Amino acid sequence: MLELSNPNKPNKPNKPNKPNQLNKPNKPNNPMETSGCSKNALFDESARELFDQLVDRLFTEVASSAADVLTTYAGVFGSPPAGAGDLNRLLGQGVKAALPRLLDRRLLGAMAKGVTGELACSGRELRQKFAAAGLRPLEHDILYLVLYGFRHGLADSDIAAVPVNEVSFTFRIDPGFDRVELAEVQLEYLNRSAERSYLATRSSFGSIERFGTVASRTGSPEAINWFVWVLALPWQEIFQCLRSLVELIREALASGEEDRISEALDAIEDAMADIDGEIEDIEEEITDLKEDIREENDPDDKKELEDELKNLKEKKDILDDAREDLRDARRRLKKARRS
Numbered sequence: 000m001l002e003l004s005n006p007n008k009p010n011k012p013n014k015p016n017k018p019n020q021l022n023k024p025n026k027p028n029n030p031m032e033t034s035g036c037s038k039n040a041l042f043d044e045s046a047r048e049l050f051d052q053l054v055d056r057l058f059t060e061v062a063s064s065a066a067d068v069l070t071t072y073a074g075v076f077g078s079p080p081a082g083a084g085d086l087n088r089l090l091g092q093g094v095k096a097a098l099p100r101l102l103d104r105r106l107l108g109a110m111a112k113g114v115t116g117e118l119a120c121s122g123r124e125l126r127q128k129f130a131a132a133g134l135r136p137l138e139h140d141i142l143y144l145v146l147y148g149f150r151h152g153l154a155d156s157d158i159a160a161v162p163v164n165e166v167s168f169t170f171r172i173d174p175g176f177d178r179v180e181l182a183e184v185q186l187e188y189l190n191r192s193a194e195r196s197y198l199a200t201r202s203s204f205g206s207i208e209r210f211g212t213v214a215s216r217t218g219s220p221e222a223i224n225w226f227v228w229v230l231a232l233p234w235q236e237i238f239q240c241l242r243s244l245v246e247l248i249r250e251a252l253a254s255g256e257e258d259r260i261s262e263a264l265d266a267i268e269d270a271m272a273d274i275d276g277e278i279e280d281i282e283e284e285i286t287d288l289k290e291d292i293r294e295e296n297d298p299d300d301k302k303e304l305e306d307e308l309k310n311l312k313e314k315k316d317i318l319d320d321a322r323e324d325l326r327d328a329r330r331r332l333k334k335a336r337r338s
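Its first residue numbered 0, the sequence shown is counted upward by one per residue in numbering that gives the first Met the number 0.
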């Protein structure tokens with residue numbers, strides 16, 4: 000089999016080390032239950048089956064959409080994509096086109112019934128629920144994020160609450176580009192300490208086997224002669240949560256209308272409140288992490304904690320810059336309203 004891209008690295012086994020500070024387990028006054036999930040669990044036991052259904056649809060829809068894109072390209076230009084860049088772009092289009100088809104009313108309804116307690120009402124409450132949920136499978140966070148986003152919409156900072164850096168899709172493609180199969184999907188963590196803060200669950204659903212963050216499907220017999228292509232897509236650019244807000248500010252300044260300016264100012268105040276809350280939480284996490292680093296004796300674990308501290312400081316710097324940008328935008332909007 001011809002390898003045109005580096006295959007995904009196998010999952011590294013979890014080690015009984017300290018979990019990621021971004022997803023702290025509950026303190027002793029809220030102990031873990033025997034099932035391995037905390038009393039503040041995000042979902043009941045139905046979550047794994049729901050996630051498996053979602054993954055099954057992901058494999059079906061992505062393979063179908065990718066095949067449609069490649070067929071259309073060959074039909075228009077008379078040949079398959081000639082370069083790696085074109086193939087990555089086309090497969091990426093296929094993945095993105097497939098994602099909206101993953102959810103239907105029945106699946107969303109089942110997800111809503113499986114939630115324990117009330118669904119979060121704001122981005123800050125969403126992140127608080129993640130922090131309080133304790134040790135759990137990563138699929139809980141993903142299902143909760145999907146359901147919250149369906150109801151309230153998602154800012155990039157909400158997506159960044161789940162410590163996944165990218166999603167890699169491994170395709171099997173017929174050399175003539177006539178057929179495409181999705182062979183594997185894998186989530187890549189931001190760092191290994193994040194990996195350790197989750198439980199790795201194993202399940203099977205139809206022809207799909209899933210262990211932790213890797214799901215794979217057995218290919219058709221003829222696929223052994225196909226080439227393999229790995230496409231990695233970013234989970235989301237971390238903390239770039241101002242995209243829609245910037246557009247709103249731009250429109251308000253261009254129109255000069257009082258209502259549009261007032262709407263933009265209100266949105267800025269809400270965003271600044273969220274950012275202030277984020278900065279406060281990160282500063283607390285930085286303080287805790289510095290203490291953990293001082294107490295850690297193992298050199299490898301100490302290095303991982305130091306890398307995590309560096310990531311937190313970078314996030315805080317980004318948020319500080321964003322807050323200054325918002326303050327500047329607020330000044331400009333108020334000046335536009337006075338004139």
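Glycine is no exception: its CB is placed at the ideal position from the N, C-alpha and C atoms. Note that the structure is predicted; figures quoted are calculated from it, not measured.
For the alpha helix (DSSP H) that ALA109 lies in, which residues bound it at each end?
104-113 is the extent of the alpha helix (DSSP H) around ALA109.
Thinking C-alpha only, which one of TYR188, LEU102, TYR143, LEU86 is nearest LEU59?
Note that residue 59 is Thr in the sequence shown, not Leu. Of the listed residues, the one whose Cα sits closest to THR59 is LEU102.
Among ARG191, ILE267, VAL54, whose alpha-carbon lies nearest the alpha-carbon of LEU304?
Ranking the options by Cα distance to LEU304, first place goes to ARG191.
Give the secondary structure of THR169 by DSSP, where H, G and I count as helix, E and B as strand, and everything else as coil.
Strand, per DSSP.
Could you round the C-beta distance between ARG340 and LEU181 to whole angstroms and report it? I think they count as a contact, below 8 Å.
The chain is shown only over 0 to 338; residue 340 falls outside these bounds and no answer can be derived.
Going by CA-CA distance only, name the one from PHE170, ARG123, GLU290 that's closest to ASP155.
Closest option to ASP155, Cα to Cα, is ARG123.
Are there three or more Cβ pairs, one per stretch, closer than 8 Å when the stretch 36-50 is compared with the stretch 127-136?
In short, these stretches touch, since the Cβ pair count reaches three.
Do you know how far the Cα of ILE285 is from the Cα of ALA159?
Those two C-alpha atoms are separated by around 17 Å.
Measure from the alpha carbon of LYS314 to the alpha carbon of each residue in ILE281, GLY91, LEU142, LYS112, then state which is nearest.
Selected option, being the one with the closest Cα: ILE281.
Determine contact between the stretch 92-107 and the stretch 62-74, defined as no fewer than three beta-carbon pairs at a distance below 8 Å.
The stretch 92-107, when compared against the stretch 62-74, does touch it at the 8 Å Cβ threshold.
Got a sec? Which residues, its chain only, sit under 8 Å from LYS289 by beta carbon, not counting five neighbours each side?
Excluding residues within five positions, the ones whose Cβ falls inside 8 Å are LEU308.
Do LEU318 and ILE260 come within 8 Å of each other at the CB atom, strictly closer than that value?
Not in contact: ILE260 and LEU318 (Cβ atoms no closer than 8 Å).
Where does ASN39 sit, in a helix, a strand or coil, going by DSSP?
Coil, per DSSP.
Return the CA-CA distance between ARG331 and GLU277, expressed in angstroms with no decimal places.
Distance between the alpha carbons of ARG331 and GLU277 is about 24 Å.
Could you tell me which of PHE129, ARG150, PHE149 sits nearest to ASP140, measuring between CA atoms?
Residue PHE129 is the option with its Cα nearest to ASP140.
Any idea if VAL145 is buried or exposed, counting beta-carbon neighbours within 10 angstroms, 16 or more meaning buried?
VAL145 should be labelled buried.
Taking 8 Å as the CB-CB cut-off, is SER219 touching chain C?
Any reference to chain C falls outside this structure, which holds one protein chain only.
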